[in-house]
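Colleague: Chains as they are written, first to last, in my numbering: chain A, 94 to 378; chain B, 10 to 803.
For glycine and all other residues, C-beta sits at the position ideal for the given N, C-alpha and C.
Can you keep this structure in mind? I'll have questions shortly.
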């Protein structure tokens, strides 16, 4: 299919974009990497009046370290994360997970911020942002707003972003000593959205996992930290028991790849393996 | 050892590959004609609905719109398709219209066409067409479709049964009574589609003054389509010319006449302007033929040694809303039955196929039509019997393989088999894969808690089908292939063939046959295909006939042209033709160079004045070939799969794959190997990934490449290819077909391997594709613990 006609507006700065939001309201859509949006428009599932291209706004892209914080610009492309030495050394979970994001062609254009705002429940980056405790920075005419990733995702392709806001950057904490992480994903084929995925971050101390932030994705409406996993891990439970408890608590959505029972079954296995990865410091992805 | 100077048998790369890789192909969508308009369609959003009214007023006035057409507009100029079979008079086939006038029977059936200055404008206008629908109950489930109280797929039908065809040979009752072991199982096969990289494409250009129609189309057979367009539009056949340029894959799905393509051609007749219609990927999923949807119940009787005593198979084939034109949709079910047990000695056979309509996309011929299903059924039953008898899976196959003493054979399932090399292929396979060692590796893996399986799948492959299939059916489809050769004044040769090439490399193979048979260099020949108005009449490309039939026509033409060349050379040099030979583009007399072919060509074209008047200077020959000695050439082979099942997630990892194939003479090993590999990948897609899913109201759920999973390189195993060459005696060339072997055998190899892996757990898969969810379903129904380490301890 061919896209229905739309206006194209190339924003040179945030103000251009805010002007468009003021004029067109929710008839305006933001174009970043376009890897989800353009197919939707080409299938005429979305027929926006105007596309606001934010790719040329300076300052929205790039990866920087300041102290123990890593700042990632919203339009930083997936391939830049994959190629970044800073990401590899300070955010190894992202470096590992990024290989599961679609295929090279998509990674060449798709953006980190775009993936978060799109909020596909089976996407890798939203789950990683939650597991890593990312802070999202949103800007509007009214100024800057900061929100934690755990609070940002509200449901299937639904976030706390207001229609007049642009996600401009994402702040993450660099890995420190004792930090361990895990990323496991089951997909039909490499590069597909997850049937089920598990990602986790923790501190390993004397064969126990502290501050375990475990997220199961591709399953529920949006990524969230498993409180059960954290408390059982802190009390020194075995991975098999934690996996069982977390899986039982899941409320998976049925999709084309499986029903709730199937996904719970698969999640249990991936959780157990991920906990093993954390305990053994095996960063295999 | 092959002679290194030989061209036939050499692994030559395709000359056209460079052109295509450089982006210089001409696919149908690359063609732009003056005054051309673009077509977009309004398709039924319901699986079954009556069309109460269509309001096109707004759409007609929209920007760039030239005309909006409904079924009513085409009623007088375009007759509907009815795909029947003359020898099956009870087969029911409702008429299928280019644009459905009153009733839509699948979600995606076209009801209105918009012709506009661009495709985008046509799509804009399509959104403005108001159709008043009356939704009717949809028939989706094939079993329910056969119940007496089922709603009907079309309101004009009396029942949803298309036809039923029983077959019995020998005494199956006695066979099952005296059997040492009887095994039985039901198997389900999901719907899939052929999914060519280039979607269906057509440009129709009707010139009203002379009533001439030229159609550019991405298709496997321009000849068939000329007949279809002429008859259904009331045109004279010799005024209709279908030209097939480059085609990006076809796999059977571009073998049919599609109503939407017919609508584009009819629209051109109405408008007197060229009309382009390119199916987009979404409408491809809803309107390209689907295939394979079937359930098959099988039952096998063997004696204490594992020898087959009898087999029974009962197939229910669900074919969608129409029997596809002109080849019908019943071949899949018929072949599934015929090929159950075809490679083996079967003293008694009982089969039945029932074909049923449903409110889904129509199905049709897709690579290896029905054969993969028959292969799965018998290979699964053999493994079940082997397990009962504690026999090795390779051994039970060896005990039942057809051998020289059985051949030639009219098999109990109905097939005629000339000559097959099943034992040789089995031996070659076991050697290549080091079967004994692999079994030891499998045992070792199990001790480590890894669930691995080995599967074997013997197959026979029906190729180069002759006139016996479509002739008695009354279908206007030629099984004969032709080749024209023309000697140019420079001594180079143009070859025009009726065989068509959709990427297989058929033309390269034909070029090799012509060059070697004639005695010129490979580069001295160019090939052309696909112009229904000027290339020799023939079948085109279907049933693996390009080299086996088209190649033989080329060989016969090259022999004739060589005879003419040597005749003229003899006259020029006052020698006798018998003393002359043509080799490497040079004419020799008793081994001594007499003249270059280019010199002879110059004389016969430009200096006939120097020759006696009785010298034949007509250096243009056309020959045709039709398989007559056998109804088809039966190729054969065996495949093997080695894989691992993750019991925690249900994921399957393919570790290795082997194929040993006997397609007779191998004209080009490079191309045959890639045909096999490509076919195997499609077969692996069928068994592991591809599935056209519908909901209970007949809505397709997998209409994009995000939802419909095709196999990708990252998941494919290495595929090891071995050839056994056992040339057919049905031609001088000796080639059988090779196009479908991969797709035919790969699913069964994986079925057997997965069930070999799961058998110690008491679990078994029974429906393809083997999604992770189905593996888990199988494990759960066998009450398997999820902890792999617990599984193999006993």
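Please determine, among B:136, B:621, B:552, B:278, the residue with the shortest C-alpha to C-alpha distance to residue 375 of chain B.
Modeller: Here residue 375 of chain B is taken as the residue at index 366 of the second chain, counted from 1. Nearest C-alpha to residue 375 of chain B: B:552.
Colleague: Grab the span of the beta strand (DSSP E) containing residue 303 of chain B for me, first residue to last.
Modeller: If you number the second chain from 1, residue 303 of chain B lands on position 294. 303–311 is the span of the beta strand (DSSP E), which, as asked, contains residue 303 of chain B.
Colleague: Which residue or residues does DSSP assign as beta-bridge partners of residue 537 of chain B?
Modeller: What you label residue 537 of chain B is simply residue 528 of the second chain in a count that begins at 1. Paired residues: B:505.
Colleague: First and last residue of the alpha helix (DSSP H) that includes residue 740 of chain B?
Modeller: Residue numbering aside, residue 740 of chain B sits at position 731 when the second chain is read from its first letter. From DSSP, residue 740 of chain B is part of no alpha helix (DSSP H); its letter is neither H nor E.
Colleague: What is the C-beta distance between residue 123 of chain B and residue 48 of chain B, in whole angstroms, given that I count them as a contact (C-beta under 8 angstroms)?
Modeller: By 1-based counting over the second chain, the position of residue 123 of chain B is 114. By 1-based counting over the second chain, the position of residue 48 of chain B is 39. Rounded, the Cβ-Cβ distance is 7 angstroms, consistent with contact.
Colleague: What number of angstroms, rounded off, separates the C-alpha of residue 314 of chain A from the C-alpha of residue 356 of chain A?
Modeller: Translated into positions along the first chain, residue 314 of chain A becomes position 221. Translated into positions along the first chain, residue 356 of chain A becomes position 263. Those two C-alpha atoms are separated by around 13 angstroms.
Colleague: Given a threshold of 16 other Cβ atoms within 10 Å of its Cβ, counted over all protein chains shown, does residue 318 of chain B qualify as buried or as exposed?
Modeller: To locate residue 318 of chain B, count along the second chain from 1; it is residue 309. When all chains shown are included, residue 318 of chain B counts as buried.
Colleague: Look at the alpha carbon of residue 505 of chain B and the alpha carbon of residue 745 of chain B, and state the distance between them as a whole number of angstroms.
Modeller: Counted from its first residue, the second chain places residue 505 of chain B at position 496. Counted from its first residue, the second chain places residue 745 of chain B at position 736. The straight-line gap from Cα to Cα measures roughly 21 angstroms.
Colleague: What separation, rounded to the nearest whole angstrom, lies between the Cα atoms of residue 203 of chain A and residue 170 of chain A?
Modeller: By one-based count along the first chain, residue 203 of chain A stands at place 110. By one-based count along the first chain, residue 170 of chain A stands at place 77. Rounded to the nearest angstrom, the two C-alpha atoms are 6 angstroms apart.
Colleague: Residue 410 of chain B bridges to which residues according to DSSP?
Modeller: Here residue 410 of chain B corresponds to residue number 401 of the second chain, with the count starting at 1. DSSP, once it has assigned bridges, lists B:353 as partnering residue 410 of chain B.
Colleague: Mapping DSSP to helix, strand and coil, what is residue 761 of chain B?
Modeller: Numbered from its first residue, the second chain carries residue 761 of chain B at position 752. Residue 761 of chain B falls in the helix class under three-state DSSP.
Colleague: Just list the beta strand (DSSP E) runs in the region 404–471 of chain B, keeping only unbroken ones of 3 residues or longer that don't cross its boundaries, in chain order.
Modeller: If we require 3 residues or more, the region 404–471 of chain B turns out to have no beta strand (DSSP E) run fully inside it.
Colleague: Just to confirm my understanding: we take residue 177 of chain B, look at its own chain, exclude 5 residues before and 5 after, and list those with CB closer than 8 angstroms. What are they?
Modeller: Here residue 177 of chain B refers to the residue found at position 168 of the second chain. Result list for residue 177 of chain B: 358, 359, 360, in chain order.
Colleague: Please confirm if the region 188–196 of chain A is in contact with the region 316–328 of chain A, defined as three or more CB-CB distances below 8 angstroms between the two stretches.
Modeller: No: the two stretches stay apart, fewer than three of their Cβ pairs being nearer than 8 angstroms.
Colleague: Taking the alpha helix (DSSP H) that residue 492 of chain B belongs to, which residues open and close that run?
Modeller: Residue 492 of chain B sits at position 483 when you count from the first residue of the second chain. Note, residue 492 of chain B: premise wrong, no alpha helix (DSSP H); beta strand (DSSP E) at 490–496.
Colleague: Residues in the same chain with beta-carbon distance under 7 angstroms from residue 197 of chain A, minus the five sequence neighbours each way, listed in chain order, please.
Modeller: As a first step, residue 197 of chain A must be located in the first chain, where it is residue number 104. Cβ within range, chain order: n/a, list empty.
Colleague: Against chain B, does residue 362 of chain A count as a neighbour if the rule is that its beta carbon must be under 7 angstroms from one of theirs?
Modeller: Here the question's residue 362 of chain A lines up with position 269 in the first chain. Output row for residue 362 of chain A: interface = yes.
Colleague: Whose Cβ in chain B lies nearer than 8 angstroms to the Cβ of residue 351 of chain A?
Modeller: Within the first chain, residue 351 of chain A is the residue found at index 258, counting from 1. Under the 8 angstroms cutoff, chain B gives 780, 781, 782, 785.
Colleague: So the beta strand (DSSP E) residue 668 of chain B belongs to, where does it begin and stop?
Modeller: Locating residue 668 of chain B in the second chain gives position 659, where the first residue counts as 1. Residue 668 of chain B -> beta strand (DSSP E) spans 661–671.
Colleague: Listed in chain order, which residues of the region 126–137 of chain B have Cβ atoms closer than 7 angstroms to some Cβ of chain A?
Modeller: So the close ones are 128, 129, 132, 133.
Colleague: Among A:134, A:129, A:339, A:228, which one has its Cα closest to the Cα of residue 97 of chain A?
Modeller: Mapped onto the first chain, residue 97 of chain A falls at position 4. Ranking the options by Cα distance to residue 97 of chain A, first place goes to A:134.
Colleague: Tell me, please, whether the CB atom of residue 302 of chain B is closer than 7 angstroms to any CB atom in chain A?
Modeller: Position 293 of the second chain holds residue 302 of chain B. Taking Cβ atoms only, chain A never reaches closer than 7 angstroms to residue 302 of chain B, which makes this a no.
Colleague: Let's test the definition: count the other Cβ atoms within 10 Å of the Cβ of residue 151 of chain B and tell me whether it reaches 16, buried, or not, exposed.
Modeller: For the purposes of this step, residue 151 of chain B is taken as residue 142 along the second chain, with counting starting at 1. With 16 or more Cβ atoms within 10 Å of its Cβ, residue 151 of chain B is classed as buried.
Colleague: I need the DSSP call for residue 479 of chain B, collapsed to helix, strand or coil.
Modeller: Translated into positions along the second chain, residue 479 of chain B becomes position 470. Residue state, collapsed to three classes: helix.
Colleague: Can you give the beta carbon distance from residue 359 of chain A to residue 780 of chain B, rounded, assuming they're within the 8 angstroms contact cut?
Modeller: Taking the first residue of the first chain as 1, we reach residue 359 of chain A at position 266. Taking the first residue of the second chain as 1, we reach residue 780 of chain B at position 771. Wrong, their Cβ atoms sit about 11 angstroms apart, outside the cutoff.
Colleague: Sorted by chain position, which residues of the same chain lie with C-beta nearer than 8 angstroms to residue 802 of chain B's C-beta, five sequence neighbours on each side aside?
Modeller: By 1-based counting over the second chain, the position of residue 802 of chain B is 793. Annotation note: pLDDT 48 at residue 802 of chain B (below 50); position unreliable, coordinate value reported separately. Within the same chain, residue 802 of chain B has no close Cβ partners at all.
Colleague: Using 8 angstroms as the threshold, is the region 84–91 of chain B in touch with the region 35–53 of chain B, meaning 3 or more CB pairs across them?
Modeller: The region 84–91 of chain B, when compared against the region 35–53 of chain B, does not touch it at the 8 angstroms Cβ threshold.
Colleague: Beta carbon of residue 693 of chain B, beta carbon of residue 755 of chain B: below 7 angstroms?
Modeller: Counted from its first residue, the second chain places residue 693 of chain B at position 684. Counted from its first residue, the second chain places residue 755 of chain B at position 746. Going by C-beta atoms, residue 693 of chain B is nearer than 7 angstroms to residue 755 of chain B.
Colleague: Looking only at its own chain, which residues have a Cβ that is under 7 angstroms from the Cβ of residue 637 of chain B, when we skip the five neighbours before and after it?
Modeller: What you label residue 637 of chain B is simply residue 628 of the second chain in a count that begins at 1. 475.
Colleague: So the candidates are A:240, A:364, A:241, A:254; which of them puts its Cα closest to the Cα of residue 123 of chain A?
Modeller: Taking the first chain and counting its residues from 1, the one referred to as residue 123 of chain A is at position 30. Residue A:254 is the option with its Cα nearest to residue 123 of chain A.
Colleague: Assign residue 639 of chain B to one of two classes, buried (16 or more other C-beta atoms within 10 Å of its C-beta) or exposed (fewer than that).
Modeller: Your numbering for residue 639 of chain B matches position 630 in the second chain. The residue in question, residue 639 of chain B, is buried, as its Cβ has 16 or more Cβ neighbours within 10 Å.
Colleague: If we define contact as Cβ-Cβ less than 7 angstroms, is residue 358 of chain A a contact residue for chain B?
Modeller: On the first chain, residue 358 of chain A is found 265 positions in, with the first residue counted as 1. Yes, residue 358 of chain A counts as interfacial toward chain B.
Colleague: Quick check on this structure: which residue in B:228, B:442, B:260, B:146 has the alpha carbon closest to the alpha carbon of residue 202 of chain B?
Modeller: Counting from one through the second chain, the residue named residue 202 of chain B turns up at place 193. If we check each option's Cα against that of residue 202 of chain B, B:260 comes out closest.
Colleague: Please say whether residue 353 of chain A and residue 286 of chain A have beta carbons closer to each other than 7 angstroms?
Modeller: As a position in the first chain, residue 286 of chain A is number 193, starting the count at 1. As a position in the first chain, residue 353 of chain A is number 260, starting the count at 1. Their beta carbons are not under 7 angstroms apart, which means residue 286 of chain A does not touch residue 353 of chain A by this criterion.
Colleague: Is residue 628 of chain B closer than 7 angstroms to residue 573 of chain B when the C-beta atoms are compared?
Modeller: Start at 1 with the first residue of the second chain, and residue 573 of chain B comes out as number 564. Start at 1 with the first residue of the second chain, and residue 628 of chain B comes out as number 619. It is a contact, given that the beta carbons lie within the stated cut-off.
Colleague: According to DSSP, which residues form a beta bridge with residue 775 of chain B?
Modeller: Within the second chain, numbered from 1, the residue matching residue 775 of chain B stands at position 766. Beta-bridge pairing links residue 775 of chain B to no other residue.
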